[in-house]
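Working notes, structure below.
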Amino acid sequence: MKRSLFFAFLCVVIAATLSACSEMSTTPPHGERTPITTDVAWTVIHREPKISLNSIRFDPSGQFGIALSYYDGRGSYTTDKGNSWQPLNLTQWLGQAGSFDFGKPTIADAQTAWLEVSSIQDRRLFLGSTSNGGHSWTFKEFPHSDIFNTSIRSSLSTICVFQRGQLADWGSWSRRREFYISVDGGTSWSQRSLPDYVVDMALVEGRTIVTATASDSTRYAISSLLISTDEGQSWRTVLRDTLWYFHGVFFPTPSAGIVIAARYRTDIDSTRLRQAVFRTLDAGNTWTKTYEFSIPWRDKYYSSIMSAAILFAVPPTWILHIHYSFTGSGGLNIDRYRSDDNGLTWAYLENLRGYYYEPAFAPPDWKVGIRGNQMTQDGGRTWQVKSWLITRAIFPNPYEVFAVKDSLILRGTAP
147 MKRSLFFAFL CVVIAATLSA CSEMSTTPPH GERTPITTDV AWTVIHREPK
197 ISLNSIRFDP SGQFGIALSY YDGRGSYTTD KGNSWQPLNL TQWLGQAGSF
247 DFGKPTIADA QTAWLEVSSI QDRRLFLGST SNGGHSWTFK EFPHSDIFNT
297 SIRSSLSTIC VFQRGQLADW GSWSRRREFY ISVDGGTSWS QRSLPDYVVD
347 MALVEGRTIV TATASDSTRY AISSLLISTD EGQSWRTVLR DTLWYFHGVF
397 FPTPSAGIVI AARYRTDIDS TRLRQAVFRT LDAGNTWTKT YEFSIPWRDK
447 YYSSIMSAAI LFAVPPTWIL HIHYSFTGSG GLNIDRYRSD DNGLTWAYLE
497 NLRGYYYEPA FAPPDWKVGI RGNQMTQDGG RTWQVKSWLI TRAIFPNPYE
547 VFAVKDSLIL RGTAP
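Per the numbering used here, the sequence shown starts with residue 147, numbered consecutively.
Encoded structure:
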């Protein structure tokens with residue numbers, strides 16, 4: 147009888163212990179128990195004296211992160227989700243002195259990242275890469291392109307470099323039909339050619355590339371979307387249009403993507419320029435126009451410029467930036483649109499004139515966001531002013547946010 151009672155008691159103890167261990171394993175660590183919603187309590191976790199940090203990036207897992215100054219190539223990096231930071235001086239890996247401008251790092255995974263570096267003085271372009279979480283970098287000079295208007299697209303070990311359009315005269319652009327591709331992380335390069343001028347390009351998955359092209363170097367050109375499944379060696383036209391000019395291609399997933407188009411042919415002398423969103427759900431093989439809108443425009447004889455960018459894309463949520471200038475002084479405007487159904491429908495968010503701070507949004511529903519000294523709880527539709535100010539931020543999870551401000555790296559949690 148005593149033995150039976152002892153075993154019953156032992157079973158209860160073991161069950162309680164297992165239950166406690168299970169609760170401990172699923173409970174977030176201290177500082178991550180409460181999702182961030184209406185405010186943030188900031189803690190300085192690292193200082194970089196004499197460095198003005200203005201960018202912070204993490205890999206999708208949140209393990210590998212870089213906080214960088216664009217102006218001198220210095221900053222910090224972490225390989226343990228921001229718990230500790232090490233100094234980063236990219237100029238030491240370049241192997242030469244000079245004045246360099248550093249682009250935003252592209253972090254593919256917990257070990258791999260790329261970075262574009264340019265020398266304005268002698269018009270040289272370098273591509274840097276790391277395969278060990280930022281501990282060391284290799285920079286190779288890219289000899290095939292002028293540094294100005296050069297764009298880089300990267301996905302894992304595949305990198306594409308092409309020349310974006312440049313306003314050459316009233317109503318026309320200077321473009322190229324060729325681009326360069328590397329499938330080994332930038333060690334070796336191959337030149338590829340297209341039948342038309344390259345306007346924009348996106349790497350989709352594996353060996354697939356989707357490219358927007360133009361039949362000539364003017365705004366009146368016939369525009370096409372081309373797809374290649376063999377790293378640009380051969381191409382197939384999937385969409386050709388005489389009215390819409392495709393100028394921005396974006397693929398946040400291997401299957402879902404959008405392209406932005408403008409009606410230059412019909413609206414070039416108008417006061418408003420119509421835009422459209424075309425969407426694909428099958429990796430670029432078929433496209434459907436899902437949305438139309440317009441922006442102010444002051445015809446070809448003014449400094450009217452326009453470009454599109456995806457600020458944020460974690461399907462099904464997308465936030466679209468339309469940058470445009472339509473004044474003689476070149477004042478910059480940004481119109482923002484949000485889609486919560488993978489680009490099928492879009493809602494206008496706001497107009498920003500020269501606004502510096504880019505928002506960062508928190509998973510899993512991407513409604514809570516931060517920019518500068520403001521927060522949103524409705525995906526950017528409304529913003530509330532706060533008592534703090536940060537430059538750039540990123541949410542690795544709903545419970546914490548990393549940010550940079552001047553020479554500081556901060557971690558934020560719910561108050």
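We treat Cβ as the ideally placed atom computed from N, Cα and C, and that holds for glycine.
If only complete runs of 3 or more residues are kept, the region 315-363 shows the beta strand (DSSP E) at 318-320, 324-328, 336-339, 343-349 and 355-360, in order along the chain. Exclusion of the five residues before and after Ser334 leaves Ser328 as the residues of its chain whose Cβ lies within less than 7 Å of its Cβ. The Cβ neighbour count for His192, taken over all protein chains shown within 10 Å, is at least 16; the residue is labelled buried. The beta carbons of Gly274 and Trp239 sit about 7 Å from each other, so the pair counts as a contact at 8 Å.
Proximity to Ala549 across Ser361, Ala506 and Gly526 peaks at Ala506, based on C-alpha coordinates. Rounded to whole angstroms, the gap between the alpha carbons of Asp346 and Trp381 is 15 Å. The beta carbon of Leu427 lies closer than 8 Å to those of Ser401, Ala402 and Asn488 in the same chain, with the five residues before and after it left out. Measuring C-alpha to C-alpha distances from Lys196 to each of Thr559, Tyr437, Ser553 and Pro561 identifies Ser553 as the nearest.
Cβ atoms of Tyr545 and Ile182 come within 8 Å of each other, at about 7 Å.
For Ile536, the CB contacts under 6 Å within the same chain, skipping 5 residues up- and downstream, are Ala549 and Lys551 in chain order. Ranked by how close their Cα comes to the Cα of Val514, the residues Tyr483, Ala560 and Trp492 have Ala560 in first place. By the C-beta density criterion, Val190 is exposed, having fewer than 16 other C-beta atoms within 10 angstroms. Separation of the CB atoms of Thr399 and Pro461 is rounded to 6 Å, and the pair is thereby assigned contact status at 8 Å.
About 5 Å separates the beta carbon of Ala429 from that of Val350, a gap short enough to meet the 8 Å contact definition. Counting every other CB atom within 10 Å of its CB across the protein chains shown gives Thr184 a total below 16, marking it as exposed. Assigned with DSSP and collapsed to three states, Asp413 falls in helix. Annotation: Gly525 to Gly241 spans about 44 Å, alpha carbon to alpha carbon. Bounds of the beta strand (DSSP E) holding Thr284 are Thr284 to Glu287.
Arg517 is positioned such that its CB atom lies no closer than 9 Å to that of Glu496.
Boundaries of the alpha helix (DSSP H) around Leu240: Thr237 to Leu240. Inter-residue distance for Thr276 and Thr258 is about 5 Å (C-alpha atoms, whole angstroms). Measuring C-alpha to C-alpha distances from Asp387 to each of Gln379, Val395 and Ser370 identifies Ser370 as the nearest.
With a cutoff of 9 Å on beta-carbon distance, Ala348 and Arg299 are scored as near each other. A distance below 6 Å between beta-carbons, with the five flanking residues on each side excluded, links Phe439 to the following residues of its chain, in chain order: Gln421. The closest CA to that of Thr224, considering only Asp255, Thr237 and Arg409, is found on Asp255. As DSSP reads the structure, Lys435 sits in a beta bridge with Phe424. Asn278 sits in coil when the DSSP states are folded into three classes, being neither helix nor strand.
Annotation for Arg418: Ser440, Ile441, Pro442 and Trp443 place their beta carbon closer than 8 Å to its own, counting only its chain and skipping 5 residues before and after. In the DSSP annotation of this structure, the continuous segment of the beta strand (DSSP E) that includes Ser264 starts and ends at Ala259 to Ser265.
Tyr223 has Ile212 and Gln232 as its beta-bridge partners, per DSSP. In the structure shown, the three-state DSSP call for Val531 is strand.
Per DSSP, Gln520 is one residue of the beta strand (DSSP E) stretching across Gln520 to Thr522.
Within the same chain, Cβ atoms closer than 8 Å to the Cβ of Gln379 are found at Arg338, the five residues on either side in sequence being excluded. Under the three-state reduction of DSSP output, Ile197 falls in the coil class, being neither helix nor strand. Val356 is positioned such that its CB atom lies closer than 9 Å to that of Ile373. Counting only residues of its own chain and dropping the five nearest sequence neighbours on each side, Thr284 has a CB closer than 6 Å to the CB of Ser275.
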